[in-house]
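A.B. asks:
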Amino acid sequence: MERREFLTLSGAAAVALLTGCGGGGGGNDAGSTLTPIAKSLPIPPSLTGTGAGTASDPKVYELRVQSSSHDFFHEGKTATYAVNGTFLGPTLFLRDGEDVSIKYENTLSETISMHGHGMHLPANMDGSAWQNIAAGTTWSAKYTVNQKACTNWYHPHTLKQTSEQVYKGIAGMIIIEDAESDALDLPKRYGIDDIPLVLQDRKFDNAVQLLYSPNMHEVMTGYIGDTFLANGAIEPTFDAEAKEIRFRILNGSNSSMYKIGFSDGRAFKQIATDNAFLESPVSMTSLVLSPAERAEIVVDLSGDIGKSIELKEFLYNKTFVKINVSKSASATTTLPSALTTLTRLVPPSTVTRTFTLEASDGNFTINNKVMDLNRIDETVYLDDIELWEITNTMGVNHNFHMHGTHFQLISRNGNTSIPANEDGYKDTVWIPADESVQIVVKMTDYTDITVPYMYHCHFLEHEDRGMMGQFIVR
Ligand code: C2O
Ligand code: CU
Ligand code: CU
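Each number in my numbering comes from the position in the sequence shown (counting from 1) with 12 added on.
#1: How far does the beta strand (DSSP E) with S302 in it extend, from its first residue to its last?
#2: Pull up the distance between the alpha-carbon of P208 and that of R306, whole angstroms please.
#3: Would you mind stating whether S152 and S125 have Cβ atoms separated by less than 7 Å?
#4: In the DSSP assignment, the beta strand (DSSP E) including P211 goes from what residue to what residue?
#5: Please say whether Y270 and L301 have beta carbons closer to each other than 7 Å?
#6: Where do the ends of the alpha helix (DSSP H) carrying L472 lie?
#7: Here's a check: name, in chain order, each residue in its chain whose Cβ is nearer than 6 Å to the Cβ of S1, leaving out the five neighbours to either side.
#8: On the DSSP bridge list, what partners appear for V311?
#9: At the level of alpha carbons, what is the spacing between G38 and T174?
#10: Around ligand 3, what residues have a beta-carbon under 5 Å from a heavy atom of it, in chain order?
#11: Ordered along the chain, which non-local residues of its own chain (more than five positions away) have a Cβ less than 8 Å from that of E322?
#12: Rounded to the nearest angstrom, what separates G34 and N380 at their Cα positions?
#13: When the Cα atoms are used, what is the spatial distance from L354 to Q282?
#14: Can you pull every residue whose C-beta falls closer than 7 Å to some heavy atom of ligand 2, listed in chain order?
#15: For L472, tell me which candidate among A50, D190, G43, I236 has the shortest Cα-Cα distance.
#16: Ligand 5 and N243: does any heavy atom of the ligand fall closer than 6 Å to the residue's C-beta?
#17: For H470, which residues of its own chain have a beta-carbon under 6 Å away from its beta-carbon, when the five flanking residues on both sides are left out?
#18: Distance check for G148 and A94, CA to CA, integer angstroms please.
#19: Restricting to Cα atoms, I'd like to know which of H86, Y465, S423, Y437 is closest to A288.
#20: Return the residue from the list G109, F105, E117 that minimises the CA-CA distance to N96.
#21: So the candidates are N136, I204, P444, T103; which of them puts its Cα closest to the Cα of H167?
#22: Any chance the CB of M232 is under 6 Å from a heavy atom of ligand 1?
#23: Leaving out five residues on either side along the sequence, give the residues of the same chain with a beta carbon under 6 Å from the beta carbon of T366.
#24: Could you tell me the boundaries of the alpha helix (DSSP H) in which Y179 lies?
#25: Would you tell me roughly how many angstroms separate the C-alpha atoms of F250 and I204, rounded to the nearest one?
#26: CA-CA distance, S140 and D213?
#27: My output table needs one value for T297: the three-state DSSP class, helix, strand or coil.
#28: At a threshold of 6 Å, does M455 count as lining ligand 1 (C-beta to nearest heavy atom)?
#29: Locate the alpha helix (DSSP H) running through T103, then write down its first and last residues.
#30: Quick check: the Cα distance between Y155 and D111, rounded to an integer number of angstroms?
#31: Counting contacts by CB-CB distance shorter than 7 Å, is D206 in contact with chain D?
#32: If you count every other CB in all the chains shown that lies within 10 Å of the CB of G32, and 16 or more means buried, which is it?
#33: At the level of alpha carbons, what is the spacing between T62 and V72?
#34: Do the CB positions of G478 and V382 come within less than 7 Å of each other?
#35: Hey, would you say D460 sits closer than 7 Å to A135, going by beta carbons?
The structure is reproduced here in structure tokens:
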């Protein structure tokens with residue numbers, strides 16, 4: 013345990029940390045003794061919406077949030093929450109410029125809200141706890157898609173309940189395409205060479221049920237299961253064509269850092285960050301994603317027919333997907349060397365706002381405040397270019413996510429040379445223990461003096477215990 017983290021805790025919480033218990037923590041993680049069901053990599057169904065995509069005839073997407081049960085292990089079924097299916101939900105395909113109406117029907121017996129993470133939209137369509145969906149009711153997010161091609165996602169954003177609702181299985185991907193992505197020679201055959209990957213980990217109890225009971229130590233350092241999932245399956249198999257394959261990777265975990273790469277150490281290209289393509293592909297052999305971050309990668313399997321490799325998680329030495337290169341290419345692609353042009357904002361020379369991530373008395377805070385729906389923390393003026401500095405004062409990982417827009421990284425710990433694979437449009441940034449980041453922010457479109465957007469740590473156990481704030485744009 014880090015001294016720093018220790019000092020920021022109250023006595024009782026510190027004792028809990030020391031003993032590794034307190035504040036829940038019943039049951040044991042039986043995942044490693046159960047027998048996983050062998051599966052092909054599930055590809056979430058694609059939802060393309062009905063309607064013309066115009067203001068008078070928006071594309072309508074019907075999503076039903078429901079209780080279900082899912083097959084993870086041979087020993088029995090697992091009770092879950094899901095969207096339309098049995099675990100997670102369909103992939104929504106959206107197009108820049110189109111009008112959409114994403115209809116969420118809450119058939120659960122508890123309140124939820126459904127947030128479009130990474131979406132550039134008005135605050136009253138954001139799906140935060142300001143747009144709660146009571147049990148048995150329906151809410152629609154109606155807006156004009158207004159951003160570059162990217163991979164976003166939807167998930168609950170219910171005050172203090174987000175972590176458990178996500179854990180049970182409510183989440184899905186949103187893929188946005190635009191004229192630029194249309195023109196690029198990228199793998200874009202969904203499920204064939206353009207593969208969504210929602211990566212998560214879970215704990216299961218002896219009765220094969222999801223076990224969600226983080227103790228104080230796990231709240232601090234991460235509630236990490238021993239069963240790793242790709243699209244809701246345990247070490248599934250993907251039969252790949254021998255060609256370039258694009259993976260749209262989401263760290264969909266509650267609070268796990270993932271370091272992702274291939275079992276043979278091969279290089280791949282990262283082509284996109286959270287909210288847009290990178291300007292050009294970046295060659296990597298491993299990729300670190302904190303919770304809610306996305307990366308699109310392209311790996312070239314064209315010379316690998318007959319081979320098997322694995323998509324790995326290196327921090328915990330787990331396998332996400334077993335890839336068999338078993339088919340010859342039915343069409344080829346050639347990764348372009350230029351992908352897009354990003355607008356680079358020049359930040360002001362002095363910091364506009366500071367955010368300090370801390371913990372005290374078992375609460376997680378930003379600038380010493382616990383999240384309060386009735387308090388607006390910040391007011392941001394339309395079109396101002398601001399420099400935000402976020403400092404992690406603790407000995408554990410955090411990250412920082414803001415709603416409504418993307419930002420760009422300006423420095424890490426005062427160092428302005430940004431890693432090439434982070435030098436793009438982001439909405440979530442990892443802040444390691446005792447480090448700080450600076451980001452440049454500009455709110456470009458939507459003012460609303462009553463409904464705020466939120467910013468928070470996306471380690472869901474931290475968010476639910478107060479590490480979140482609200483800003484309005486005027
Ligand atoms: Cu992915 Cu405020 O959330
Ligand atoms: Cu968000
Ligand atoms: Cu955190």
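Using N, Cα and C, we set each Cβ at its ideal position, and we do this for glycine too. No experiment lies behind these values; they were computed from the predicted model shown.
C.D. replies: Reading from the atomic positions:
#1: No beta strand (DSSP E) contains S302, which DSSP labels as neither H nor E.
#2: 11 Å
#3: no
#4: Checking the sequence, you will find Leu at residue 211 rather than Pro. Segment 206–214, the beta strand (DSSP E) holding L211.
#5: yes
#6: 472–476
#7: Limits of the chain in this structure are 13 at one end and 486 at the other, which puts residue 1 out of reach.
#8: I257
#9: Because the pLDDT at G38 is just 49, under 50, the model does not fix this residue reliably, and the point stays unresolved.
#10: H410, C469, F471, H474
#11: F274, S275, T331, F332, V333, K334, I335
#12: Because G34 sits at a pLDDT of 40, beneath the cut-off of 50, its placement in the model cannot be relied upon, and the point is left open.
#13: 16 Å
#14: H127, H129, G130, H413, H415, D439
#15: I236
#16: Annotation note on ligand 5: not contained in the displayed structure, which lists ligand 1, ligand 2 and ligand 3 as its ligands.
#17: P303, A304, N411, H413, T440
#18: 15 Å
#19: Y437
#20: E117
#21: T103
#22: no
#23: E401
#24: 174–180
#25: 9 Å
#26: 24 Å
#27: coil
#28: no
#29: That residue, T103, is in no alpha helix (DSSP H); its beta strand (DSSP E) goes 103–107.
#30: 6 Å
#31: No chain D appears in this structure, which consists of one protein chain only.
#32: For G32, the pLDDT reaches just 41, beneath the cut-off of 50, and the residue's location in the model is therefore unreliable, although a value from the coordinates is still provided. The residue is exposed, with fewer than 16 neighbouring Cβ atoms inside 10 Å.
#33: 5 Å
#34: yes
#35: yes
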